[in-house]
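Residue numbers (our numbering), protein chains in the order written: chain A, 1 to 315; chain B, 316 to 630. Think of the CB as a built atom: it goes at the ideal place given N, C-alpha and C, for glycine as much as any other residue.
Structure, rendered in structure tokens:
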């Protein structure tokens, strides 16, 4: 395993992977029209975001919000503004995504036995086999495409409670051995705390080296940014986030699901860690989002409070 | 300066200093009746909170919400449940507080020249003299009482923008030399970021040793808990927080001023860092607060989302 961990730790820049157009839009009832979705995606890429999860390849009957993903992928690709990422839950989805021309696939694999069986009727081990088939297909038809796995419920599960850390790590090792490019850890349930985040990512880097992937944190209990900070301190340099915290829990004001992109970008930029994102343009994209979904509550404290006096955020 | 920094860093426990009854109540329009304030304070101490800022000694014309502070101090003292702390802005306030029988005084001193002049018509240096007089009075009439200074606008100021870090630290040194027991740093404006928090508290410990005091963080831009985590990692073991984030900014949903006690306690307890607080009893105190202020919005994500399945928080 080749890894210059010291080199990673010195890097004062991060990549934000915007997941709102997939994770956010699939969590709300409104269906964003394709034309407006493309305006939003364009505004997000224009702000400097380098990677966007533009949609998912799932049956339209299950998620009508994602029915236009093939078209969205094709259009996004034509701009050549950044990585076009799509979620695929299985081999059929991967085939459709590769046909549409994605740059990168992301596959969710749950570490929780209970969650995995309930959601996809497969054990985590059976999902590893599915991932192996996807990697094989990808290598045959589109070897330039990269494959990421996000291990969901890595920090706990609403069905079974605690998920043993050893199971998360051995699952990550098995997936890396199947040839995926990156394995990240997702706090699907908003259970993570900074000490746990540090323990798990430390082990992930030890076992996977440069294949250790993104931190996908939720803000359900308000710890989203603290958990991102903890992950950063262990060497993580890619963070999933959702503009406006789209896909938030309606029962708790401000209790968004995903970490809010705007607040995460402010935190890193204020720390002197470059995101490559221009904050004003990110706010412009936020306006496009709100105009496209006038009846949805969007979150974020920095957009409301404004950038502090005397701050210069350069992106 | 005697300091066993390694010993501090090893301590897996923190003290939460509840500031809601002062910082929270003075920021809202409603005036909480004394009887209900006492019920709330009792419930907070009963949850295991060891220190509460129960009020401030300021002219009732300026802050009618605090007019009952002498009575509140006397009652709180009679329970003998924990430290009774009160804010005093000047010598007259200190005299009144000592007469009422507080255990501890806290004095705000602004590091920002502009903020200090606008608020108290004194420079920070003139405030150091004021603090010296308060310490002298205290030593004469109540030597067992401890004196804390919270340096406000330590991380930036809405009037002057950036506040030079060297000015913050030299102010802290001057205050420590005047005989105060602890000097803490307050992010009055919600400007702080974790990298800055680490830099400033590291210097504070280097210069002040065991006199380095509490972190008082705001959540204005969503970074409150991340900043507390950063302070913890530098050795801070006392944290100000406000139940329900009382005193929040009404313009931004969820954008409370003070860090929310409930979320901060959850973060530390989940990390295995003991707060001495029983979460269920903290929620009981929250109900007392909400009943006493039925028309005020209170915040906090953990109370809404609940404790994760399989978690045991022992306090």
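- When DSSP states are grouped into helix, strand and coil, residue 144 of chain A belongs to the coil group.
- For residue 345 of chain B, same chain residues with a beta-carbon under 7 Å away, outside a window of 5 residues either side, are 608, 610 and 611 in chain order.
- In this structure residue 456 of chain B is exposed. Its beta-carbon is surrounded by fewer than 16 other beta-carbon atoms within 10 angstroms.
- For residue 433 of chain B, the CB contacts under 7 Å within the same chain, skipping 5 residues up- and downstream, are 474 in chain order.
- Restricting attention to beta strand (DSSP E) runs no shorter than 3 residues, the segment 381-463 of chain B encloses them at 398-402 and 419-425, ordered along the chain.
- Excluding sequence positions up to five before and after residue 430 of chain B, its CB lies within less than 6 Å of the CB of 468, 472 and 474, all in the same chain and listed in chain order.
- Along the segment 465-485 of chain B, the positions whose C-beta sits under 7 Å from a C-beta of chain A are 471, 473, 476 and 477, read in chain order.
- For the C-beta of residue 494 of chain B, not a single chain A residue is nearer than 8 Å; the gap to the nearest is close to 34 Å.
- Boundaries of the beta strand (DSSP E) harbouring residue 555 of chain B: 553-556, taken from the DSSP string.
- With the criterion set as a beta carbon lying under 7 Å from some beta carbon of chain B, the segment 2-16 of chain A has no members that meet it.
- By alpha-carbon distance to residue 581 of chain B, the top candidate from B:412, B:486 and B:558 is B:558.
- For residue 498 of chain B, the enclosing beta strand (DSSP E) begins and ends at 497-501.
- Taking each of B:439, B:584, B:627 and B:381 in turn and checking the Cα distance to residue 369 of chain B, the smallest one comes out for B:381.
- Non-local beta-carbon contacts of residue 598 of chain B in its own chain, meaning distances under 8 Å to residues more than five positions away in sequence, involve 577 and 618 in chain order.
- Contacts between residue 190 of chain A and chain B, judged by CB atoms closer than 9 Å, involve 616, 620 and 623 in chain order.
- Here residue 573 of chain B carries a strand assignment [DSSP, helix/strand/coil].
- Out of B:435, B:363 and B:425, the CA that lies nearest to the CA of residue 464 of chain B is found in B:425.
- Listed as beta-bridge partners of residue 203 of chain A by DSSP are no residues whatsoever.
- Contacts with chain A at 8 Å (Cβ-Cβ) do not include residue 601 of chain B.
- Within the model, the alpha-carbon separation for residue 176 of chain A versus residue 123 of chain A is close to 17 Å.
- Ranking B:544, B:506, B:587 and B:590 by CA distance to the CA of residue 308 of chain A puts B:506 first.
- Comparing C-alpha distances from residue 396 of chain B to each of B:363, B:493, B:488 and B:348 shows the shortest one belongs to B:363.
- Rounded to whole angstroms, the gap between the alpha carbons of residue 614 of chain B and residue 561 of chain B is 7 Å.
- Residue range 279-292 is occupied by the alpha helix (DSSP H) that includes residue 288 of chain A.
- The beta carbons of residue 443 of chain B and residue 412 of chain B sit no closer together than 8 Å.
- Checking the DSSP bridge columns, you'll see residue 472 of chain B partnered with B:476.
- Bounds of the beta strand (DSSP E) holding residue 330 of chain B are 330-333.
- The beta-carbon distance between residue 529 of chain B and residue 391 of chain B, rounded to whole angstroms, is 19 Å. This is too long to meet the 8 Å contact definition.
- Straight-line measurement puts the Cα of residue 384 of chain B at about 13 Å from the Cα of residue 351 of chain B.
- Separation of residue 34 of chain A and residue 83 of chain A (C-alpha to C-alpha, rounded to the nearest whole angstrom) is 19 Å.
- Using a Cβ-Cβ cut-off of 7 Å, residue 587 of chain B is close to 195 of chain A, given in chain order.
- Cβ-Cβ distances below 7 Å link residue 482 of chain B to 426 in the same chain, with the five nearest sequence neighbours on each side left out; the list follows chain order.
- For residue 578 of chain B, a Cβ of chain A is located within less than 8 Å of the residue's own Cβ.
- For residue 353 of chain B, the CB contacts under 8 Å within the same chain, skipping 5 residues up- and downstream, are 387, 390 and 391 in chain order.
- For the segment 94-128 of chain A, the set of residues with a beta-carbon nearer than 7 Å to any beta-carbon of chain B is empty.
- At least one CB of chain B lies nearer than 8 Å to the CB of residue 220 of chain A.
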